[in-house]
Amino acid sequence: MTSYFVFGTFLVLGAIIIGVLMATHSGKIAPKIRRIPALDSIEEAVGRATEMGRPVHYSPGYGEITTSTAPQTFASFDVLRYVVTLTARYNTQLIVTCKSPQSFPIIQELVRETYLAAGKPDMFHEDTVRFISEAQFAWAAGVLGIFNREKVAANIMLGYFMAESLLFAEGGAQVGAIQVAGTGNLAQTAFFVAACDYTLIGEELYAGGAYLSNDPGKVGNLAGQDVVKFLTIAFIVLGTVLATFESNWLLELTAK
Amino acid sequence: MNVSTNPWIWFMGIGMLSLYSFIYKENPIYRLFEHIYVGASVGYTFVTAYGNIIDQAWTPLTTEGKLNLLVPIILGLMLYTRYFKPIAWISRWPMSFLMGLGIGVSTYGLLESQLIAQSKAAMMPLFVKSSEGALLLGRSINNIIMILGVLGVLFYFFFSVEHKGPVRRMASLGRMVMMITFGVAFGNVVMGRISLLLGTISDIFGTWLGII
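One line per chain: the protein sequences are A and B, in this order. All the letters of the first sequence, read from the start, carry residue numbers 1 to 256 under our numbering. All the letters of the second sequence, read from the start, carry residue numbers 257 to 468 under our numbering.
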């Protein structure tokens, strides 16, 4: 069913985000992103793996690129690019494990091109990016095996995760890896908070690309989303005040 | 004791125990079943995908003349050009199509369900009254906590605003609310996992070994 309110909201919020993005890109405004400790810890994790002479493992999660989990998968790609750059800088082996056959070739290209851009094309091997299985727990079993056989020293898991989240986090802890994790799936965030060294909570995952690259376009996008959050707060407060005075005007408006 | 004589039940039981042996440490038996599991799942996926191509694309195209199915078939074939270096760039076209489709399809659903529906759910009266006009204190406190919690969490996710002063206080409240929620989620999922474990125990000691 078409909802004019949803479409109108899409247009308004889209215009706000694009407006702030363009203003940031042109230098009219210069938003600064607050510190996100879990993202700062990625360099520490790669550094530790370098010191130990052991590989870094990266998982973009269970998400696909054609479903509602796509935004989390794309956000993960941004951080993966940063991780590849770090491993290239420190000459540390990277292993990326995939569950989605659709995102597998994209990840392969991303890793290959990032190594090339970093001047280390030889660091990309055919087994740097590994497709394990599309079946959730077969993928989990394969990744746990890799943790142990390859003795990973750092385990970075960012993207959409489901029931495999605790399996991975426990498996990583078993081999003594420093673990950085984050997902937009709040039900699984609990496991990451409990079992990992650093956790990105919910939307912090989406901020990763902007925070790590400081790219004006991405920072502008994030600042635009903050404006949308401010409007959402105002929207909720207005709705609450109206509901308290027994007015359904706003709720009826949203139903149109 | 009524041990099963079905070889597949034995395979299932040994497979379960082998995968559980990972709890102790990684070992050759785990490795064997890990590879059987991964191999079998990839084989299953391949057969399913092949069946889908035949049933949903090839057969309707050749027997019913549905020419529009040529579009996904060609897009699918274009994906394989990545294995031929001179024309590998062609594989980016279907990939871009898939990504665009994913973002387009998810935008409306996410906006509706994650933003508007949840905002509407948070618009609750601060003071709830009964039909007789008496103040319902419990429900009112509940609503106030929920609204403050939602606002606090939204404040926590401000990235371009420094967490200082009132923003910091609201963000701290949001963080606290999220940690309580994670605790509840953790407990709920552990309960669910225990029921899965009971199912596995039932398979091993009931279906396989016939003890229970």
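Even glycine gets a Cβ: it sits at the ideal position worked out from N, Cα and C.
Checklist entry - Smallest Cα separation from F353(B): which of G142(A), C196(A), S103(A) and L39(A)? => result S103(A)
Checklist entry - Closest by CA to F124(A), which one among R130(A), I132(A), F131(A) and Y115(A)? => result Y115(A)
Next on the checklist: As a quick exercise: from G184(A), F192(A), A187(A) and A140(A), pick the residue whose alpha carbon is nearest that of I178(A).
Outcome noted: F192(A)
Next on the checklist: At a threshold of 6 angstroms, does Y198(A) count as lining the ligand MG (C-beta to nearest heavy atom)?
Outcome noted: The ligand MG is absent from the structure shown, which contains no ligand whatsoever.
Checklist entry - Are any of the Cβ atoms in chain B nearer than 7 angstroms to that of S103(A)? => result no
Checklist entry - Listing by chain order, which chain B residues have their CB less than 7 angstroms from the CB of T9(A)? => result L367 and I372
Next on the checklist: For V298(B), report the span of its alpha helix (DSSP H) as first-last.
Outcome noted: P284 to I309
Item to check | Segments assigned alpha helix (DSSP H), at least 4 residues, entirely inside the segment 185-231 of chain A | outcome: 186-195 and 204-213
Item to check | Exposure label - F235(A); buried when at least 16 CB within 10 Å | outcome: buried
Next on the checklist: Taking 8 angstroms as the cut-off, does the segment 78-93 of chain A touch the segment 183-192 of chain A (at least 3 CB pairs, one atom from each stretch)?
Outcome noted: no
Next on the checklist: For chain A, check one thing: does any of its Cβ atoms lie closer than 7 angstroms to the Cβ of M272(B)?
Outcome noted: no
Item to check | Range covered by the beta strand (DSSP E) that runs through L94(A) | outcome: L94 to C98
Next on the checklist: So for V56(A), helix, strand or coil by DSSP?
Outcome noted: strand
Checklist entry - Smallest Cα separation from K151(A): which of A255(A), P55(A), L253(A) and L39(A)? => result P55(A)
Item to check | Proximity to I283(A) [Cα-Cα], best of A88(A), A154(A), V227(A) and R35(A) | outcome: No statement about residue 283(A) is possible, as the shown extent of chain A runs from 1 to 256 and does not include it.
Checklist entry - If the cut is a Cβ gap below 7 angstroms, which residues of chain B does N148(A) touch? => result E282
Next on the checklist: Just to confirm the assignment, what range does the beta strand (DSSP E) spanning T183(A) have?
Outcome noted: I178 to T183
Next on the checklist: Give me the chain B residues within the contact set of V193(A), using Cβ-Cβ distance strictly less than 7 angstroms, ordered along the chain.
Outcome noted: F438
Checklist entry - Closer than 7 angstroms, CB to CB, is G358(B) near chain A or not? => result yes
Item to check | Reduced DSSP secondary structure (H/G/I, E/B, other) of Y412(B) | outcome: helix
Item to check | DSSP bridge partner residues for L391(B) (one or two, in chain order) | outcome: K385(B)
Checklist entry - Would you report the Cα separation of G295(B) and G142(A), rounded to the nearest angstrom? => result 10 angstroms
Item to check | Cβ pair K503(B), P316(B) closer than 7 angstroms | outcome: Within the shown structure, residues of chain B are numbered from 257 to 468, placing residue 503(B) beyond reach of any answer.
Checklist entry - For M339(B), does the count of other Cβ atoms within 10 angstroms reach 16, so buried, or fall short, so exposed? => result Residue identity check: residue 339(B) is Tyr in the sequence provided, not Met. Its Cβ having fewer than 16 others within 10 Å, Y339(B) is exposed.
Checklist entry - Between the C-alpha atoms of G358(B) and V6(A), what's the straight-line distance to the nearest angstrom? => result 19 angstroms
Checklist entry - Roughly how many angstroms lie between the CA atoms of M402(B) and A88(A), to the nearest whole one? => result 46 angstroms
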